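Visitor:
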Amino acid sequence: RGPKMGLGVGDTLPGDLELMVREDSANNTYTSEALFKGKKSVIFAVPGAFTPTCSEKHLPSYVQLAEELKAAGADVLACVS
Numbered sequence: 021r022g023p024k025m026g027l028g029v030g031d032t033l034p035g036d037l038e039l040m041v042r043e044d045s046a047n048n049t050y051t052s053e054a055l056f057k058g059k060k061s062v063i064f065a066v067p068g069a070f071t072p073t074c075s076e077k078h079l080p081s082y083v084q085l086a087e088e089l090k091a092a093g094a095d096v097l098a099c100v101s
């Protein structure tokens with residue numbers, strides 16, 4: 021297990037974190053710097069990722085609000101699981 025870290029509004033994410041991103045049925049690895057540097061980002065987590073409750077109740081609200089979040093200035097929307 022890695023170190024625990026908390027982030028708040030306006031915090032900077034360490035640039036050397038390796039993150040796996042699911043894109044078009046493939047897993048790709050990027051650094052946090054490559055994904056987020058210079059971008060206004062909304063990073064959220066959902067409880068019980070990939071469970072029926074999460075897939076049907078939690079995640080859809082973020083998908084529905086995606087355009088509103090982008091209109092408010094978000095360049096990147098990321099779900100952490």
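If you read the sequence shown in the working numbering, its first letter stands for residue 21, the second for the next number, and so on. C-beta atoms are modelled at their ideal positions from N, C-alpha and C, and glycine is treated no differently. Quantities reported herein were computed from a predicted structural model and do not represent experimental measurements.
#1: Could you give the residue range of the beta strand (DSSP E) that holds phenylalanine 70?
#2: Which two residues bound the contiguous alpha helix (DSSP H) that contains alanine 98?
#3: Which residues in the same chain have their Cβ closer than 8 angstroms to the Cβ of glutamate 53, if we skip the five residues on either side of it in sequence?
#4: By DSSP, does leucine 79 sit in helix, in strand, or in coil?
#5: In the DSSP assignment, the alpha helix (DSSP H) including leucine 55 goes from what residue to what residue?
#6: Suppose the cutoff is 8 angstroms on Cβ atoms and the five residues either side in sequence are ignored; what does the same chain contact list for valine 62 look like?
#7: For phenylalanine 64, count neighbouring C-beta atoms within 10 Å of its own C-beta (all shown protein chains included) and say buried if the count is 16 or more, exposed if not.
Guide: The answer reads as follows:
#1: Taken as a continuous stretch (DSSP letters only), phenylalanine 70 belongs to no beta strand (DSSP E), as it is neither H nor E.
#2: Where alanine 98 is concerned, there is no enclosing alpha helix (DSSP H), although the beta strand (DSSP E) around it starts and stops at 96-100.
#3: Gly35 and Asp36
#4: Judged by DSSP in its simplified three-state form, leucine 79 adopts helix.
#5: Looking at the DSSP string, the run of the alpha helix (DSSP H) that includes leucine 55 is 52-56.
#6: Leu89, Ala94, Val96, Leu97 and Ala98
#7: exposed
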